[in-house]
Each structure stands twice: as C-alpha cells, then as structure tokens.
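Here the structure comes first, spelled out in structure tokens, and everything after it is commentary.
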C-alpha cells in the first residue's frame with residue numbers, strides 16, 4: 001500500500017507471512033511518488049514473479 005501524507009511524503013507499507021499468523025511488516029518512506037511506485041513494483045515482482053503492469057495475466061508459481 002502506498003499512502004501520501006499531508007507533508008508530501010509517500011509511505012510504502014508491506015506485510016507478509018502465512019495466513020492466520022501475525023507475520024511481519026515493513027514501512028519505507030519516500031520523498032517522491034515515482035520512487036514509492038518503483039519500490040512497490042519491485043516488491044510485487046520479487047514476491048510473485050509477475051510484473052504489476054501485467055497483473056491481469058497473473059501466473060501463480062509454486063513456492
């Protein structure tokens with residue numbers, strides 16, 4: 001999730017873990033939207049092996 005705050009900063013919050021477990025989360029702050037979106041897309045690709053721009057053609061991979 002990317003959120004823009006009143007001070008013009010962009011915050012990327014990610015959460016991961018098994019369903020039903022507490023899991024873990026990470027918060028990153030960015031001064032610009034482009035950097036936040038770039039980080040989001042990288043995390044999406046790292047976790048799913050799919051490009052966010054092609055999510056309508058999502059392929060599930062094992063592991």
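In UniProt numbering, the protein residues as written are 1 to 63.
Note that CB positions come from ideal geometry on N, CA and C, so glycine has one too.
Inter-residue Cα distance where the pair is residue i and residue j
i: residue 11; j: residue 17; result: 20 Å
i: residue 26; j: residue 9; result: 16 Å
i: residue 35; j: residue 29; result: 9 Å
i: residue 39; j: residue 21; result: 25 Å
i: residue 23; j: residue 6; result: 29 Å
i: residue 53; j: residue 44; result: 10 Å
i: residue 33; j: residue 19; result: 30 Å
i: residue 46; j: residue 3; result: 21 Å
i: residue 41; j: residue 31; result: 17 Å
i: residue 37; j: residue 15; result: 16 Å
Own chain partners of residue i with C-beta closer than 6 Å, once the 5 adjacent residues on each side are dropped
i: residue 49; result: 61
i: residue 58; result: 50
Cβ shell of residue i (< 7 Å), same chain only, five flanking positions each side left out
i: residue 56; result: none
- Any chance you could list the beta strand (DSSP E) runs of at least 3 consecutive residues sitting entirely within the UniProt domain "WGR" (1 to 63), in chain order? 2 to 4, 10 to 16 and 24 to 30
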